[in-house]
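Visitor: Residue numbers (this note's numbering), protein chains in the order written: chain Y, 250 to 662; chain P, 81 to 194.
Ideal Cβ placement from N, Cα and C applies to all residues, glycine included.
These figures come from a predicted structure and were not determined experimentally.
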Amino acid sequence: MKEPLEPHFFRHEYGRLVAMLSGRFGVHHLDVVEDAVQNALLAAVENWPKRTLPESPSAWLYSVAYKQCVGELRRRTRANTLEDRYRPSGPSATDEPEAAFLAGDVPDDLLRMLFACCDEAIPIESQLVLALKTLCGFDVREIAERLFTTEANVYKRLARARNRLREVEFAPGDLAVSELAERLPAVQAILYLLFTEGYLSSHAEGPIRRELCDEARRLTEILAEHPVSATPETFALLALMFLHSARLPARQDGSGGLLLLEEQDRTLWNQVEIRTGLSWLARSAEGDDFSRYHAEAGIAAEHCLAPSFRETRWERIVDCYELLDRVAPSALHTLNRAIALAEWRGAAQGLEVLEGLVPPSWLVGSYLWSAVLADLHRRSGHAELARHYRDSALASAPSQPVKEALQRRLVAG
Amino acid sequence: MPKYLCLQRSLPGGVPGGEKPSPAQMQAMYAKFNEWREKFQKNLVDLGGKLGAGRMALPEPAPDGPFVEVKELVGGYMIVSAESLDEAIQVARECPGLMHPGSGVEVIEIRTPG
Numbered sequence: 250m251k252e253p254l255e256p257h258f259f260r261h262e263y264g265r266l267v268a269m270l271s272g273r274f275g276v277h278h279l280d281v282v283e284d285a286v287q288n289a290l291l292a293a294v295e296n297w298p299k300r301t302l303p304e305s306p307s308a309w310l311y312s313v314a315y316k317q318c319v320g321e322l323r324r325r326t327r328a329n330t331l332e333d334r335y336r337p338s339g340p341s342a343t344d345e346p347e348a349a350f351l352a353g354d355v356p357d358d359l360l361r362m363l364f365a366c367c368d369e370a371i372p373i374e375s376q377l378v379l380a381l382k383t384l385c386g387f388d389v390r391e392i393a394e395r396l397f398t399t400e401a402n403v404y405k406r407l408a409r410a411r412n413r414l415r416e417v418e419f420a421p422g423d424l425a426v427s428e429l430a431e432r433l434p435a436v437q438a439i440l441y442l443l444f445t446e447g448y449l450s451s452h453a454e455g456p457i458r459r460e461l462c463d464e465a466r467r468l469t470e471i472l473a474e475h476p477v478s479a480t481p482e483t484f485a486l487l488a489l490m491f492l493h494s495a496r497l498p499a500r501q502d503g504s505g506g507l508l509l510l511e512e513q514d515r516t517l518w519n520q521v522e523i524r525t526g527l528s529w530l531a532r533s534a535e536g537d538d539f540s541r542y543h544a545e546a547g548i549a550a551e552h553c554l555a556p557s558f559r560e561t562r563w564e565r566i567v568d569c570y571e572l573l574d575r576v577a578p579s580a581l582h583t584l585n586r587a588i589a590l591a592e593w594r595g596a597a598q599g600l601e602v603l604e605g606l607v608p609p610s611w612l613v614g615s616y617l618w619s620a621v622l623a624d625l626h627r628r629s630g631h632a633e634l635a636r637h638y639r640d641s642a643l644a645s646a647p648s649q650p651v652k653e654a655l656q657r658r659l660v661a662g
Numbered sequence: 081m082p083k084y085l086c087l088q089r090s091l092p093g094g095v096p097g098g099e100k101p102s103p104a105q106m107q108a109m110y111a112k113f114n115e116w117r118e119k120f121q122k123n124l125v126d127l128g129g130k131l132g133a134g135r136m137a138l139p140e141p142a143p144d145g146p147f148v149e150v151k152e153l154v155g156g157y158m159i160v161s162a163e164s165l166d167e168a169i170q171v172a173r174e175c176p177g178l179m180h181p182g183s184g185v186e187v188i189e190i191r192t193p194g
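(1) Return the bridge partner residues of M158(P) from the DSSP annotation.
(2) Over what stretch of residues does the beta strand (DSSP E) that includes V185(P) continue unbroken?
(3) What are the partner residues of H180(P), as DSSP defines its beta bridges?
(4) Measure from the C-beta of S183(P) to each C-beta in chain Y and report whether the shortest distance is under 8 Å.
(5) DSSP state of K130(P), grouped into three classes?
(6) Contact check, I392(Y) vs I439(Y) under 8 Å by CB: the rounded distance?
(7) From V567(Y), P476(Y), S579(Y), pick the residue whose C-alpha is nearest to that of V426(Y); which is it?
(8) Could you tell me which of V171(P), P82(P), Q88(P), M81(P) sits nearest to G156(P), measuring between CA atoms?
(9) When DSSP builds the beta bridges, which residues end up paired with Q501(Y)?
(10) Between L377(Y), F397(Y), D423(Y), L581(Y), which lies nearest to G410(Y) when the distance is taken from Cα to Cα?
(11) Determine the direct distance from the alpha carbon of N329(Y) to that of A342(Y), and round the result to whole angstroms.
(12) Which residues of the region 393–420 of chain Y have a Cβ closer than 8 Å to any Cβ of chain P? Give them in chain order.
(13) Give me the subset of the region 365–394 of chain Y whose CB atoms are less than 8 Å from a CB atom of chain P, sorted by chain position.
(14) Assuming R466(Y) contacts S494(Y) under a Cβ cut-off of 8 Å, what Cβ separation, rounded to an integer in Å, is found between them?
(15) Give the range of the alpha helix (DSSP H) segment to which N412(Y) is assigned.
(16) For V651(Y) and chain P, any beta-carbon pair shorter than 8 Å?
(17) Who are the neighbours of Y263(Y) on chain P, taking C-beta pairs under 7 Å?
(18) Identify each residue in the region 283–312 of chain Y for which the Cβ-Cβ distance to at least one residue of chain P is less than 8 Å, and report them in chain order.
(19) Based on DSSP bridge pairs, tell me the residues matched to L124(P).
(20) Tell me which residues of the region 104–134 of chain P have at least one Cβ-Cβ distance to chain Y shorter than 7 Å, keeping chain order.
(21) Any beta carbon of chain Y sitting closer than 8 Å to that of K83(P)?
(22) For A546(Y) versus A488(Y), is the C-beta spacing smaller than 8 Å?
(23) Distance check for E464(Y) and M81(P), CA to CA, integer angstroms please.
(24) Please confirm whether I169(P) and V187(P) have their CB atoms less than 8 Å apart.
(25) Three-state secondary structure (DSSP) at P306(Y)?
(26) Considering only the alpha carbon of each residue, which of M179(P), P181(P), E174(P), C86(P) lies closest to V125(P)?
(27) Starting from F259(Y), trace the alpha helix (DSSP H) in both directions and tell me its first and last residue.
(28) Considering only the beta carbon of each residue, do L290(Y) and E262(Y) sit closer than 8 Å?
(29) Run through DSSP, which three-state label would S518(Y) get?
(30) Which runs of the alpha helix (DSSP H) at least 4 residues long sit entirely within the region 585–660 of chain Y? Give them in chain order.
(31) Step through the CB atoms of chain P and report whether any lies within less than 8 Å of the CB of F258(Y).
(32) Mapping DSSP to helix, strand and coil, what is Q513(Y)?
(33) With 16 as the cutoff for other CB atoms within 10 Å, does L507(Y) come out buried or exposed?
(34) Go ahead and pull the three-state DSSP assignment for D538(Y).
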């Protein structure tokens, strides 16, 4: 028998099963659900290769995991009932109503689970880890590897999220439509964060990085296709993901080094993804809403549409950054506007924008700030200042590929 | 071709349990097992399975003796056919997940009369 399963079958089944069973039994039983799903997948690994694949692998897995959940919850109920004999006033697990299955509200289990993860009582870093664990099927070690943090830290963040979910005792299906609408910005924010974790990471592990971007896009597509969450913001978010991932293949050279936008081979950009991104961008323009996602998708679209670095419509990019800075003020956006303005009107104009900016300490310490100043001063003929900023940019470069890219840009000229 | 019974045995010093594989790792295990199965298609007679609890049945009640319950020793079985004991051992050795610290395989020829 050839391997007929999709590349991420186990990981995605994990996410789907956890979402389905949490919908049935409630997110406060997430630990039971996750154990059951883990065991069902292991049973599949042990049994499937020995005979023919079940007709519906997903249904097979669901039934194995479902039975284990029921068995485990029954065991717990019995234990609780015994305890209650001595504590008659305590809540009894048998009183718990059968989790309502509100089909029709949010038909997709994954989507419900995603909304359940985005509980405002859970810190956003914990939401992100929870989503990666329950919806994307990564384990703690894999999450740590992808977020460039320690396993202990991932455990800590997960524990926070789980503690909160244990308190709430609901099934994701119980969330009312009004609550879903309220949580939508949080859901979009977590998907955006997931995407940028993958996209903006300065580390060199290309394939792993790509995986986070793909997961974010997969979940956002589900969001965009559901009436509750199909809003212009969601469309813009999905547009920016497509437009950015289209350029991913060109961001690295053959040996894993980072390439600057100017150096990238534009023929490597994925035209199908660009077209898909542009059509989502068009849909996002229906209505009067304008979000940071609109601005960012607009910028990404300009880059994708430009035949070359020189022919980029920088004036439009400057406009977009100005809008972005207005809806989501950040010194980073001002910095980017300065870069675009320098391309459009010359380095001196870019420097002027930065002179009016009091950068926050996190930005002053980062290589981005120094690198931009070094570049603009060099182009304005301020050799002394250029050298000063170049040295601090190189000293604070977070990785070798970034350092090499900076050297090419800042030293060569 | 002679047949051989392969018994997976726990070895002393192995770490019991250990970390559970992630879904991505399970996918890799699944693929590896399928590769192995294809490679030794001709040798694999019965892929067998896991063994559960068991007890040694004795002709008369035994006093406290060295009769350990079977499950503590044997985790699973399969039957392979091979030209020689060495070849049978090779099939078992290459089976993913069978050979690791704490687990080994006992390979025994199955004699048939004639």
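Guide: Reading off the structure:
(1) C86(P)
(2) 183–190
(3) In DSSP, H180(P) forms a bridge with S183(P).
(4) no
(5) strand
(6) That belief does not hold up - the Cβ atoms of I392(Y) and I439(Y) are roughly 14 Å apart, past 8 Å.
(7) P476(Y)
(8) Cα-wise, what sits closest to G156(P) is Q88(P).
(9) L507(Y)
(10) What sits at residue 410(Y) in the sequence shown is Ala, not Gly. Per the Cα distances, L377(Y).
(11) Residue placement at A342(Y) is flagged as unreliable, the pLDDT there being 37, under the threshold of 50; a coordinate-derived value is accordingly withheld.
(12) none
(13) Cβ contacts with chain P come from G386, F387, D388, R390, E391.
(14) 7 Å
(15) 400–417
(16) no
(17) Among the residues of chain P, those whose CB is under 7 Å from the CB of Y263(Y) are P103, following chain order.
(18) Q287, L290, L291, A293, V294, E295, W297, P298, K299
(19) V160(P)
(20) A104, M106, Q107, M109, Y110, A111, F113, N114, R117, L127
(21) no
(22) yes
(23) 50 Å
(24) yes
(25) helix
(26) C86(P)
(27) 258–274
(28) yes
(29) As written in the sequence, residue 518(Y) is Trp, which differs from the Ser given in the question. DSSP, reduced to helix, strand and coil, places W518(Y) outside both helices and strands of the structure shown, so it counts as coil.
(30) 596–604, 610–613, 616–628, 632–644
(31) yes
(32) coil
(33) That one is buried.
(34) Of the three classes helix, strand and coil, the one that applies to D538(Y) here is coil, per DSSP.
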